[in-house]
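Structure record follows, encoded as structure tokens.
In our numbering, the protein residues as written are 205 to 357.
Quick look at the structure:
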């Protein structure tokens, strides 16, 4: 009968380190697999972006319709997208440009983060974590039964 090979200390530490790093990075990888949805048909009319409420509808493979909590709105020539967040029947819209050094933010469920220096903002664009010390540019949003209107003036 063969006896198992002994694991030397250096190999053991390298293996443990690799497992710890992989376990620590797993949540980041899993959350980054979730897709970010960009509004498909936003229309610019003067200083107002108009989009259908149906942009928030998400139909599963089983045909079940759920509502997204946010969508990103981007138009040709626009430098940064707009984060349009839904809370019940109310909407908020903020420019995804970090107030610290102007980097594009990453969108998450209910908050935004800056990949450059770690600033965080809530869905309304208020700073929740520095180094940023100014809130994001926010836009007035109105809605009716069919459409959502973002005033960008």
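Where a beta carbon is used, it is the ideal one built from N, C-alpha and C, also for glycine.
**Asked** With 16 other CB atoms within 10 Å as the buried threshold, where does residue 323 fall?
**Response** The residue you call residue 323 lines up with position 119 of the chain shown. Under this definition residue 323 is a buried residue.
**Prompt:** How do the region 305 to 321 and the region 242 to 250 stand: do at least 3 beta-carbon pairs fall below 8 angstroms, yes or no?
**Reply:** Counting Cβ pairs under 8 angstroms, fewer than three are found: no touch.
**Request:** Using beta-carbon positions only, say whether residue 298 and residue 332 come within less than 8 angstroms of one another.
**Result:** In the chain shown, residue 298 corresponds to position 94, counting from 1. In the chain shown, residue 332 corresponds to position 128, counting from 1. No, the Cβ-Cβ distance between residue 298 and residue 332 is not below 8 angstroms.
**Message:** Within the continuous beta strand (DSSP E) that includes residue 351, where are the two ends?
**Reply:** For the purposes of this step, residue 351 is taken as the residue at position 147 of the chain shown. Element bounds for residue 351: 351 to 355.
**Prompt:** Between residue 280 and residue 212, what straight-line distance do the alpha-carbon atoms span, to the nearest angstrom?
**Reply:** Translated into positions along the chain shown, residue 280 becomes position 76. Translated into positions along the chain shown, residue 212 becomes position 8. Distance between the alpha carbons of residue 280 and residue 212: 59 angstroms.
**Secondary structure of residue 315, DSSP reduced to three states** = The residue you call residue 315 lines up with position 111 of the chain shown. When secondary structure is reduced to three states using DSSP, residue 315 falls in the strand class.
**Close-in-space but distant-in-sequence residues of the same chain around residue 260 (CB under 7 angstroms, 5 per side omitted)** = Counting from one through the chain shown, the residue named residue 260 turns up at place 56. Contacts found: 271, 272, 275, 290.
**Request:** Have a look at 286, 214, 282 and flag the residue whose alpha-carbon is nearest the alpha-carbon of residue 345.
**Result:** One-based indexing of the chain shown puts residue 345 at position 141. Comparing Cα-Cα distances from residue 345 to each of 286, 214, 282, the minimum goes to 286.
**Nearest residue (CA-CA) to residue 327, options 354, 295, 246, 338** = In the chain shown, counting from the first residue as 1, residue 327 sits at position 123. Among 354, 295, 246, 338, the Cα nearest to that of residue 327 belongs to 295.
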